[in-house]
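2 protein chains.
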Amino acid sequence: MKYTIAIIPGDGIGPEVTTQAKKALDAVAEVYDHIFLYKEAQMGACAIEKTGDPLPQETIDICKNADAVLCGAIGELKYDNDPTLKVRPEQGLLRLRQELELFCNVRPVKAYPKLLKNSPLKKEIISGTDILIYRELTSGIYFGKKEISEDGLSASDVCSYTVDEISRITHLAFKAAQDRKKKVTLIDKANVLATSRLWRKTVAKIGEEYPDVALDFMFIDNAAMQIVLNPTRFDVILTENLFGDVISDVACVIGGSIGILASSSVGGKNALFEPIHGSYPQAAGKDIANPLASILSAGLMLEHLGLHDEADAIQRAVEKSLDLGITTQDLKGKNQYSASTAKVGDFIADYIANQE
Amino acid sequence: MKYTIAIIPGDGIGPEVTTQAKKALDAVAEVYDHIFLYKEAQMGACAIEKTGDPLPQETIDICKNADAVLCGAIGELKYDNDPTLKVRPEQGLLRLRQELELFCNVRPVKAYPKLLKNSPLKKEIISGTDILIYRELTSGIYFGKKEISEDGLSASDVCSYTVDEISRITHLAFKAAQDRKKKVTLIDKANVLATSRLWRKTVAKIGEEYPDVALDFMFIDNAAMQIVLNPTRFDVILTENLFGDVISDVACVIGGSIGILASSSVGGKNALFEPIHGSYPQAAGKDIANPLASILSAGLMLEHLGLHDEADAIQRAVEKSLDLGITTQDLKGKNQYSASTAKVGDFIADYIANQE
Ligand SMILES: [Mg+2]
Ligand SMILES: [Mg+2]
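Taken in order, these protein sequences are the chains called V and U. The first sequence begins at 11 in our numbering and counts up one residue at a time. The second sequence begins at 11 in our numbering and counts up one residue at a time.
1) Which one of N240/U, I151/U, A303/U and T212/U has the shortest CA to CA distance from T205/V?
2) Where does the unbroken beta strand (DSSP E) through Y13/U begin, and where does it stop?
3) Return yes when at least one heavy atom of ligand 2 lies under 6 Å from the C-beta of D231/V, else no.
4) With a CB to CB cut of under 6 Å and the five nearest residues on each side skipped, what residues in its chain are close to F283/V?
5) Just the C-alpha distance for A321/U and Y347/U, rounded to the nearest angstrom, thanks.
6) When burial is assigned at 16 or more other CB atoms within 10 Å of the CB, is N201/U buried or exposed?
7) In three-state terms, what does DSSP make of Y152/U?
8) M228/V bridges to which residues according to DSSP?
9) Between the stretch 151 to 171 of chain U and chain V, which residues of the former have a C-beta closer than 8 Å to a C-beta of the latter?
10) For chain V, find out if any of its Cβ atoms is closer than 7 Å to the Cβ of K344/U; answer yes or no.
11) Does H318/U pass the burial test, meaning 16 or more other C-beta atoms within 10 Å, or should it be called exposed?
12) Which runs of the alpha helix (DSSP H), 4 residues or longer, sit entirely within the stretch 223 to 293 of chain U?
13) Determine which residues of the stretch 182 to 208 of chain U have a Cβ less than 9 Å from any Cβ of chain V, and write them out in chain order.
14) Leaving out five residues before and five after L118/V in sequence, what residues of the same chain have Cβ atoms less than 6 Å from its Cβ?
15) DSSP three-state label for L142/U, please.
16) For N345/U, name the three-state secondary structure that DSSP assigns.
17) Can you name the residues of chain U whose CB is closer than 7 Å to the CB of C262/V?
18) When the cut-off is 7 Å and only beta carbons count, does K132/V lie next to chain U?
19) Output the distance between the C-alpha atoms of K199/U and T249/U, rounded to the nearest integer angstrom.
20) For the alpha helix (DSSP H) containing D322/U, list its first residue and its last residue.
21) On the three-pair Cβ rule with 8 Å, is the stretch 260 to 275 of chain U touching the stretch 289 to 304 of chain U?
22) Can we count T255/U as close to ligand 2, meaning its CB is less than 6 Å from some heavy atom?
23) Note down the Cα distance separating V27/U from T351/U, rounded to an integer number of angstroms.
24) Would you say E100/U and D21/U are within 7 Å of each other, going by their C-beta atoms?
25) Comparing alpha-carbon positions, which option in T61/V, A78/V and K344/V lies nearest Y13/V?
26) Where does E109/U fall in DSSP's three states?
27) With 16 other CB atoms within 10 Å as the buried threshold, where does G102/U fall?
28) Anything in the stretch 53 to 68 of chain U with a Cβ closer than 7 Å to a Cβ of chain B? List those residues in chain order, please.
29) Among A359/U, G355/U, S331/U and N364/U, which residue has its Cα nearest to the Cα of K124/U?
30) Can you list the residues of chain V that D77/U reaches, using a CB-CB cut of under 8 Å?
31) Just tell me which of M235/U, G277/U and K74/U has its CA closest to the CA of S258/U.
32) Counting only beta-carbon separations shorter than 7 Å, does D259/U have a partner in chain V?
33) Flag this pair as yes or no: are the beta carbons of T172/V and V213/V separated by less than 7 Å?
34) Cβ of L239/V less than 7 Å from any chain U Cβ?
35) Using a beta-carbon distance cut-off of less than 7 Å, what residues from the stretch 209 to 236 of chain V approach chain U?
36) Rounded to the nearest angstrom, what separates G54/U and P93/U at their Cα positions?
Structure below.
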């Protein structure tokens with residue numbers, strides 16, 4: 011099959027980690043007989059330098075016409091150090107998410123055996139963890155009306171949700187659970203919040219359409235504790251925007267490293283795949299950045315395109331590199347051998363190409 | 011000195027753990043030459059049985075006229091199993107908090123050496139943790155306007171805060187930090203929420219009145235991760251209602267057991283002290299309930315009354331019981347010796363009485 015992939019290398023370490031992800035994709039194309047047509051697009055600080063706009067119209071067009079978007083990382087020191095600058099690299103990503111109507115953020119959380127030791131949590135607690143977090147991304151309190159009184163003595167934020175907003179992500183979560191351990195946990199605060207009660211009612215009703223999937227409910231405060239106390243009890247987590255922001259960051263610690271965490275943002279027509287980590291400009295060009303999160307983002311993209319075997323091949327290759335310790339320095343103890351960014355990418359591509 | 015203490019034994023294990031807390035208080039009174047005048051009051055299921063009301067007016071009066079309120083635990087199986095009952099034990103506690111205008115919830119989080127092994131977190135991560143969480147308790151999204159549209163297709167919750175609401179708890183947090191490691195961390199989401207920006211502005215301004223205390227800021231999503239990753243970086247945490255609900259439950263896992271966690275709820279005139287744990291009716295009357303959270307609640311109460319040495323005496327006695335393993339079965343491995351509720355209470359009281 012032929013797929014058009016928009017590639018946004020971005021800033022800092024973005025271009026070098028994206029290059030490794032492309033190596034992995036090329037190996038997949040070779041083995042599974044696909045054609046990946048890469049369309050490179052500019053976004054972030056690099057786009058500001060060239061065009062004055064962190065998200066040029068050309069980038070939007072390329073992304074809208076692609077089968078999927080793979081993004082490196084966005085952000086540059088110059089902007090971090092000067093918060094008064096009005097045009098900022100991150101605006102590019104936020105606007106792109108709006109343009110593509112990406113309403114659902116998906117974050118896989120996995121405890122890799124070789125990285126158990128890097129987590130603040132005990133091995134016996136996290137071992138076997140495999141969670142998929144579905145977070146609503148375009149509504150809730152982050153996007154509600156914000157007010158400050160004229161005298162500056164009070165302020166308010168509104169959290170609102172509609173049944174439509176809840177329904178579209180709920181279906182995605184249930185469908186994902188069907189391919190997994192068939193369990194969805196809705197995280198809310200239905201004992202207090204009206205929006206949470208709407209979530210609970212809507213999700214329970216939609217759940218009836220998926221009789222093979224078990225549904226349970228958990229309050230956000232308890233959930234934030236349970237994900238640390240007993241993470242293996244979760245399969246698919248479904249939640250609103252703010253709760254998802256918090257719970258996915260707590261869950262980060264299970265993987266033992268932010269350098270391996272990938273995410274996808276999905277809309278009705280488009281989808282964007284990117285690492286959790288930032289652009290880490292201090293490391294740019296040094297061939298030391300960890301490319302695994304970018305490579306796993308490419309894997310999520312293949313999964314999204316329905317290429318399950320191909321996604322598995324990337325997953326297996328990443329696990330092999332972890333098992334063999336062919337990883338960058340951030341995953342290593344002091345004085346341990348570490349591989350360069352390019353070497354890790356080469357290993358992954360070779361392994362995919364030769365694993366049969 | 012003479013102090014009037016309202017004692018609300020409550021339901022389930024409430025009466026027996028409160029009895030142990032009174033033993034500790036009696037020992038303190040003896041050693042430090044105080045008089046604690048206990049006024050017993052009914053609240054919860056036991057109050058419903060006797061009066062039909064979970065919070066009789068007499069209880070409100072006793073509490074308002076006392077120097078402090080010590081509460082056991084509220085709740086009974088009969089009500090848990092029948093959510094349709096309209097008069098419920100928990101309403102007593104919620105109404106009492108309103109009557110006493112308790113706007114600030116304080117939760118100490120401590121990693122006791124002997125309980126490190128009970129935490130899901132690694133010893134080297136939590137060892138030395140000593141945090142005080144100040145959570146605003148009467149405003150924010152839990153108390154804001156709630157709406158469901160007539161067609162049932164949308165819902166909203168309003169989060170609002172005033173400078174006054176923020177100021178009164180902020181002063182308490184800074185004052186507490188002055189007696190500790192002199193650091194306050196405000197947890198908010200000021201990059202997105204108007205209420206968070208009001209918190210940040212107000213707290214920063216008040217912070218100038220406490221030049222000996224360092225102030226920093228952290229977003230709630232990052233904070234929920236950092237409290238697991240690096241809990242020893244925190245001293246006093248200050249935050250709004252919902253964020254405090256979440257962060258204090260995540261922080262629970264540091265102590266290794268919910269059976270030792272005490273809390274206080276403070277208002278302008280009154281203050282209430284109680285364990286985090288519930289009434290655990292299944293264990294009532296069996297002399298197996300862990301009394302440490304209730305005893306530590308009494309310790310917090312003494313601290314609040316300005317009796318610092320006396321509070322320290324309770325703290326030391328509790329630590330001694332943990333060190334010697336004179337604890338109830340919930341803190342033990344299988345087949346390990348455990349002490350009864352009364353025996354733990356006796357040990358604590360004896361230790362306080364004889365520690366000089
Ligand atoms: Mg976040
Ligand atoms: Mg809670």
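Ideal placement from N, C-alpha and C gives every residue a C-beta, glycine not left out. Values in this document were obtained by computation on a predicted structure and should not be read as measured data.
With the given structure in hand:
1) I151/U
2) K12 to G20
3) yes
4) L80, S274, S307, L310 and M311
5) 28 Å
6) exposed
7) coil
8) Residue pairing from DSSP places M228/V in a beta bridge opposite I197/V.
9) Cβ contacts with chain V: I151, Y152, G154, K156, E157, I158, G162, L163, S164, A165, S166, D167, V168, C169, S170 and Y171.
10) no
11) exposed
12) 230 to 239 and 251 to 265
13) K199, V202, L203, A204, T205, S206, R207 and L208
14) Note that residue 118/V is Pro in the sequence shown here, rather than Leu. For P118/V, where only same-chain residues beyond five positions count, the Cβ hits under 6 Å are L142.
15) strand
16) coil
17) Those within 7 Å of C262/V in chain U are M235.
18) yes
19) Cα to Cα, K199/U sits roughly 10 Å from T249/U.
20) H318 to L334
21) yes
22) Residue identity differs from the one stated: residue 255/U is Asp in this sequence, not Thr. D255/U: yes, Cβ under 6 Å from ligand 2.
23) 7 Å
24) no
25) A78/V
26) E109/U falls in the helix class under three-state DSSP.
27) buried
28) Reference to chain B is not applicable here, since the protein chains of this structure are V and U.
29) S331/U is the residue among A359/U, G355/U, S331/U and N364/U whose C-alpha sits nearest the C-alpha of K124/U.
30) Those do not exist, as D77/U stays about 31 Å from chain V at its closest Cβ, beyond 8 Å.
31) M235/U
32) It does; some Cβ of chain V falls within 7 Å.
33) Taking C-beta atoms as the reference points, T172/V and V213/V fail to come closer than 7 Å.
34) Taking CB atoms only, L239/V has a neighbour in chain U less than 7 Å away.
35) I230, D231, N232, A234 and M235
36) Answer to the nearest angstrom: the Cα atoms are 15 Å apart.
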